[in-house]
Amino acid sequence: MDYHSPASFAEASALAANATGITRFLAGGTDVLVQLRSELVTPDTLIDIKKIEGVSDITKNADGSWTIGVAATGAEMSEHPELGGDWPGVVEAMDLIGSTQVQGRATLTGNLCNGSPAADSVPAMAAAGVTVTVTGPEGTREVAVEEIPTGPGKTSLSKGELVSAVHIPARGEDGGDAYLRFIPRTEMDIAVVGVGVNLRLDGDTVTEARVSLGAVAPTVLLVEDCAKAIIGSTLDDAALDALAAAASAACNPIDDKRGTIAFRTEVAGVLAKRAAKIAYARAKGEQA
Amino acid sequence: MALDDRKSEFTFVGTRPNRPDGLDKVTGRAKFGADMSAPGMLHGAILRSPHAHARIVKIDTSKAEAHKDVKAVVTRADFADVPFKPGLEGEFWNVLENVMAGEKALYDGHAVAAVAATSALAARDALKLIEVEYEVLPHVTDVDKAMASDAPVIREGAADYSVPEGMHPNVVRYHESGHGDVEAGFAEADLVIEDSFVTEATHQGYIEPHACLGMLGNDGKGELWCTTQGHWIAQKTCAALLGIETSQLRVTASEIGGGFGGKTTVFIEPVALALSRKANRPVKLVMTRSEVFRATGPTSSASMDIKIGMKKDGTISAAQGVFRLQGGAFPGAPGDMTAMCAFAPYNLTNVKQVGYDVMANRPKQAAYRAPGAPMGAFAVESVIDELCKKLDLDPVDVRLKNAAYEGTKASYGPRYERIGLVETLEAAKAHPHYSAPLKPGQGRGISCGFWFNHGGETSVSLSLSEDGSAQLMVGTPDIGGSRASMALMAAEVLGIPYENIRVTIADTATLGYNDVSHGSRVTYASGLATIKAANHAVEKLCERAAASWGIPTDAVKWENGCAVPSGPNAGDFDPRPLADITAHMGSTGGPISGHFEATPEGAGVSFGTHIVDAEVDPETGKTAITRYTVVQDAGKAIHPTYVEGQYQGGAAQGIGWALNEEYIYGEDGRLQNSIFLDYRIPVASDLPMIDTVIVEVPNPGHPFGVRGVGETGIVPPLAAIANAVSHAAGVRMRQLPMSPPRILAALKDNG
Amino acid sequence: MSKFHVSTTVNGDSVEYLCDPRETLLDCLRDKLNLTGAKEGCGTGDCGACSVSVDGRLVCSCLMLGVEADGKQIETVEGIADGDVLHPLQQKFIEHAALQCGICTPGILVAAKSLLEKNPNPTEEETRYWLAGNLCRCTGYDKIIRAVMETAEELREAS
Numbered sequence: 018m019d020y021h022s023p024a025s026f027a028e029a030s031a032l033a034a035n036a037t038g039i040t041r042f043l044a045g046g047t048d049v050l051v052q053l054r055s056e057l058v059t060p061d062t063l064i065d066i067k068k069i070e071g072v073s074d075i076t077k078n079a080d081g082s083w084t085i086g087v088a089a090t091g092a093e094m095s096e097h098p099e100l101g102g103d104w105p106g107v108v109e110a111m112d113l114i115g116s117t118q119v120q121g122r123a124t125l126t127g128n129l130c131n132g133s134p135a136a137d138s139v140p141a142m143a144a145a146g147v148t149v150t151v152t153g154p155e156g157t158r159e160v161a162v163e164e165i166p167t168g169p170g171k172t173s174l175s176k177g178e179l180v181s182a183v184h185i186p187a188r189g190e191d192g193g194d195a196y197l198r199f200i201p202r203t204e205m206d207i208a209v210v211g212v213g214v215n216l217r218l219d220g221d222t223v224t225e226a227r228v229s230l231g232a233v234a235p236t237v238l239l240v241e242d243c244a245k246a247i248i249g250s251t252l253d254d255a256a257l258d259a260l261a262a263a264a265s266a267a268c269n270p271i272d273d274k275r276g277t278i279a280f281r282t283e284v285a286g287v288l289a290k291r292a293a294k295i296a297y298a299r300a301k302g303e304q305a
Numbered sequence: 004m005a006l007d008d009r010k011s012e013f014t015f016v017g018t019r020p021n022r023p024d025g026l027d028k029v030t031g032r033a034k035f036g037a038d039m040s041a042p043g044m045l046h047g048a049i050l051r052s053p054h055a056h057a058r059i060v061k062i063d064t065s066k067a068e069a070h071k072d073v074k075a076v077v078t079r080a081d082f083a084d085v086p087f088k089p090g091l092e093g094e095f096w097n098v099l100e101n102v103m104a105g106e107k108a109l110y111d112g113h114a115v116a117a118v119a120a121t122s123a124l125a126a127r128d129a130l131k132l133i134e135v136e137y138e139v140l141p142h143v144t145d146v147d148k149a150m151a152s153d154a155p156v157i158r159e160g161a162a163d164y165s166v167p168e169g170m171h172p173n174v175v176r177y178h179e180s181g182h183g184d185v186e187a188g189f190a191e192a193d194l195v196i197e198d199s200f201v202t203e204a205t206h207q208g209y210i211e212p213h214a215c216l217g218m219l220g221n222d223g224k225g226e227l228w229c230t231t232q233g234h235w236i237a238q239k240t241c242a243a244l245l246g247i248e249t250s251q252l253r254v255t256a257s258e259i260g261g262g263f264g265g266k267t268t269v270f271i272e273p274v275a276l277a278l279s280r281k282a283n284r285p286v287k288l289v290m291t292r293s294e295v296f297r298a299t300g301p302t303s304s305a306s307m308d309i310k311i312g313m314k315k316d317g318t319i320s321a322a323q324g325v326f327r328l329q330g331g332a333f334p335g336a337p338g339d340m341t342a343m344c345a346f347a348p349y350n351l352t353n354v355k356q357v358g359y360d361v362m363a364n365r366p367k368q369a370a371y372r373a374p375g376a377p378m379g380a381f382a383v384e385s386v387i388d389e390l391c392k393k394l395d396l397d398p399v400d401v402r403l404k405n406a407a408y409e410g411t412k413a414s415y416g417p418r419y420e421r422i423g424l425v426e427t428l429e430a431a432k433a434h435p436h437y438s439a440p441l442k443p444g445q446g447r448g449i450s451c452g453f454w455f456n457h458g459g460e461t462s463v464s465l466s467l468s469e470d471g472s473a474q475l476m477v478g479t480p481d482i483g484g485s486r487a488s489m490a491l492m493a494a495e496v497l498g499i500p501y502e503n504i505r506v507t508i509a510d511t512a513t514l515g516y517n518d519v520s521h522g523s524r525v526t527y528a529s530g531l532a533t534i535k536a537a538n539h540a541v542e543k544l545c546e547r548a549a550a551s552w553g554i555p556t557d558a559v560k561w562e563n564g565c566a567v568p569s570g571p572n573a574g575d576f577d578p579r580p581l582a583d584i585t586a587h588m589g590s591t592g593g594p595i596s597g598h599f600e601a602t603p604e605g606a607g608v609s610f611g612t613h614i615v616d617a618e619v620d621p622e623t624g625k626t627a628i629t630r631y632t633v634v635q636d637a638g639k640a641i642h643p644t645y646v647e648g649q650y651q652g653g654a655a656q657g658i659g660w661a662l663n664e665e666y667i668y669g670e671d672g673r674l675q676n677s678i679f680l681d682y683r684i685p686v687a688s689d690l691p692m693i694d695t696v697i698v699e700v701p702n703p704g705h706p707f708g709v710r711g712v713g714e715t716g717i718v719p720p721l722a723a724i725a726n727a728v729s730h731a732a733g734v735r736m737r738q739l740p741m742s743p744p745r746i747l748a749a750l751k752d753n754g
Numbered sequence: 022m023s024k025f026h027v028s029t030t031v032n033g034d035s036v037e038y039l040c041d042p043r044e045t046l047l048d049c050l051r052d053k054l055n056l057t058g059a060k061e062g063c064g065t066g067d068c069g070a071c072s073v074s075v076d077g078r079l080v081c082s083c084l085m086l087g088v089e090a091d092g093k094q095i096e097t098v099e100g101i102a103d104g105d106v107l108h109p110l111q112q113k114f115i116e117h118a119a120l121q122c123g124i125c126t127p128g129i130l131v132a133a134k135s136l137l138e139k140n141p142n143p144t145e146e147e148t149r150y151w152l153a154g155n156l157c158r159c160t161g162y163d164k165i166i167r168a169v170m171e172t173a174e175e176l177r178e179a180s
């Protein structure tokens, strides 16, 4: 295995473009090292992007949007004095991944590019409308988060491409987001179901909504029917029931060691309701 | 030892000093299995079968052998020719077959070859150069399916004499016991409940993977360092599997990072020695976590049918159980233990139990804390709970009404000596937990549990130093603070400060054979031997004092760490403290030591009663344990803090077993969850504080009244939690683990 | 396959080693520097027995490559005591019997020290969640949590 630590994304991209065999980028390494140690994936070329300047920065831009460096860790996101105020759902989703120790290393970008259908931060990012900058041999492009994973362990990134920044939109007024996942224990598990909800209110009425599901299909799902179920409502019981039904209907899960089809389908609806209530309360400026 | 010389007033015993090895273990200094190195050391790695059941047609090791970093490759041919015998008579053969596959790979993860190379990475890489040709065979991993007539046969001829005619060859041992007439008893009952229960296999989950460092020369002399619960069994077994003399192999036990029964046999140790013999260099072997799950000993999985009859007043009129345990591809599943323990808490007129030991394509089961007992208790105590509910009886009162006591004929045969079940039930009933109000969505469960406890071969030496300090050598690895207990007992006898005693876990060359640290036997048996070895030294101290005073030895007694005249008639001499006698021992007859060895038989059975509150989320089926109380009889708690620790640890493991831990096999017979991410043991945020009540009903078989406390604590939790969850969810849970998908499905089925 | 030369600081000492890029920081600490206090319980970041701090951040040393340690400040269990004076957490763990077998203890001590540095007054729930990545199979965590919280209380009183 060759190990490189380039000083720029262009250099990283060039290394990857010219490499043969399996190439992996190393940010926090909490997936790459597990796969390496268990000999699931032994890269021929490993490109550590942490020596690139600014990759750990968390920046609030003038328009209120956020740029998150690709090596900024979950712990750094949680500790940031303002980020969690704007996007509590995204920060909490990231924070749910692994242990305190894993939080010291794991990144949004790694969680996204690992391509796991159960990645916790991805539904939260999709609901929040997060985009990423992809740097490749042909230059850079902006891609919506939900366009990155294409199946378990697979992404839409082509040879030589890597994510070079994460962009979270400006929170704006009267908005709130939330992410909930189901795991059998209280910590340390992979999501059996994950639900991200991001909405905006006008008074008591939901005017905008994005609802995203994780671990219930080969990739993260951004479910328009879920959004429709609550837009225009005050999140009354009927709207919540419609939301749950739409979430369950969108599921296309598998039976595996972590959960059954029936369980995932049912619980997706349960969590969608609970997450929507939290997002709603946050949009109203209430504690949740 | 008779009751009347049992000590009941103590100076040191019952106090809570710091453990002697505390500093080593909080500074990283303690040497565990993987922490040892040797000059010229090689690193080993083991190639394992990816198939659940396959004939090994051919193994080609030539490419691996040709690699420059590889110094040895071994397969089954590099081990001794151990004779095959049916059942457990052939245990050496069974262990060898498990350590390195012969003609067939019998489970996913079964070792088929091993290499030693100059680095751990090189060894891992070299495994890929070994070519194995397999002929895949049909497999079975489920206990009921393994007993069915169409099940693939794991091994012909493995069944022993106990198995009735006509059973499938995968049934290898059979047990039946009981007394009275169960049919007559059922006829007397006001209510009979018959129900079936299933438990999945779980793993002990010790955090330290198996690790060893072996050196064996062509002269048949060897050294082995390993993490083990018993280095003498490792010595004996490795010697047999390698065809060398037992005494020529010296085994030193490392500090042990948890065992719970899983480190009572060998897995990698003979392989390291075989590699070392071939390479003529020391070889270190360390398992990965995945290897631990795939190829060491989990528990049995179980399928059980229970029938219990009860009268309206709560009297159990008859009880019957059938317990089918799957123990992997080898004989040894403790169907007999499950059967014998299941009804042991109760004084029953009519009881019958049957146990089956069944083979399947899974790793060879190993002991796990009261092996076999928790599953049976789950089934039996669930049915008792259901009977209490239907007859509107208090579950503690019903258990008190039926509880065994001194003189009761146990369900498995003998009459009990003094036991403490009633005392644990009374303490549970009086505990504030039992009467505390429950919140909506919560349920409370209780259960009793029983374990035999064990004595076992034991040898202990104690030697005194000139300055009056003492060295105590015991042969039972210290898994959870036993050095402290040993030092307390020795201090009690010698009358010198606890801190002046250094306790060492001696190697196999230093003491006679010591049985494994299992069966809750360490504080009982090594403790008993420590007391007697200390007494032996005291006798010699008294002899020296007597000689110095010119009076007969029997005119001297030992009191508060001093030799004193036994009475006014013996003479008027100043007490001679221990250090005063040892200071002159070189010139008064030489070194003073004490020694004791025996196979003590009075371990004293142990009972516990647990109370647990559980809260179930009706929308997701997720369970939270909100309160937990363990009540257990310790006989006499030598170091109460470590007794509490055993209770808490047993309860926590039981919580894991009840709620989320399980071996999950795919259709292909391969283990699906061989890492801690998916084999879900409880984490800190899953558990509440675990309250403990130490009941002390002295064991007549121990000088200080000790009963082992290590194992009983895992027997009641499965049932107690199942009862709590069933009450909280409003639906009876009959399968473990009660994972959220199972609970949610049960809730849906229940409407 | 060429090896990398790494210069780093462990418990205040400057150290160097050569490593294969596939070797983890844990491998390097244990096999090259003979610092065997950090343990490998899982190799997948699930048990926390290999916990160390890197530039003040708690991590699993099995989830970091040895080559990534170049230029970092690493603290292991061997560096917790101040010479022959145990850290209050170490002392409290012994007094409370917060360890049985002791294999998880080094990782738990490193993690607990990190908690108390960030949060001198943690609740029981915060303590349990902070330590959720440190598996202990012996104790049921009861005595561990008590030891950490009592140490926190004593440190607060002392300061």
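Protein chains in written order, with my numbering: chain A, 18 to 305; chain S, 4 to 754; chain C, 22 to 180.
Even glycine gets a Cβ: it sits at the ideal position worked out from N, Cα and C.
Span separating the alpha-carbon of residue i from that of residue j
i	j	result
S:His46	S:Ala119	5 Å
S:Leu132	S:Ser122	16 Å
S:Ala5	S:Glu502	Unreliable placement is indicated for S:Ala5, whose pLDDT of 38 sits below 50; the coordinate value is still reported in the next sentence. Cα-Cα distance, rounded: 30 Å.
A:Gly38	C:Asp76	33 Å
S:Gly220	S:Pro42	15 Å
S:Ala277	S:Thr479	26 Å
S:Cys344	S:Val73	50 Å
A:Ala123	A:Glu93	10 Å
S:Asn517	C:Pro143	45 Å
S:Leu581	S:Asp681	56 Å
S:Pro374	S:Gln368	10 Å
S:Leu674	S:Ser742	18 Å
S:Phe599	S:Tyr177	38 Å
Buried/exposed call for residue i, threshold 16 Cβ in 10 Å
i	result
C:Leu39	exposed
S:Thr255	buried
S:Asn753	exposed
S:Glu197	exposed
Reduced DSSP secondary structure (H/G/I, E/B, other) of residue i
i	result
S:Ser590	helix
A:Ala44	coil
S:Thr255	strand
C:Leu107	coil
Cβ shell of residue i (< 6 Å), same chain only, five flanking positions each side left out
i	result
A:Gly132	Pro166, Gly170, Lys171, Thr172
At a Cβ cut of 8 Å, what residues of the region 609-626 of chain S count as close to chain A, listed as they run along the chain? Glu622, Thr623, Gly624, Lys625
Check distances from the C-beta atoms of the region 191-206 of chain A to those of chain S and list, in chain order, the residues that come in under 7 Å. Phe199, Pro201, Arg202, Thr203, Glu204, Met205, Asp206
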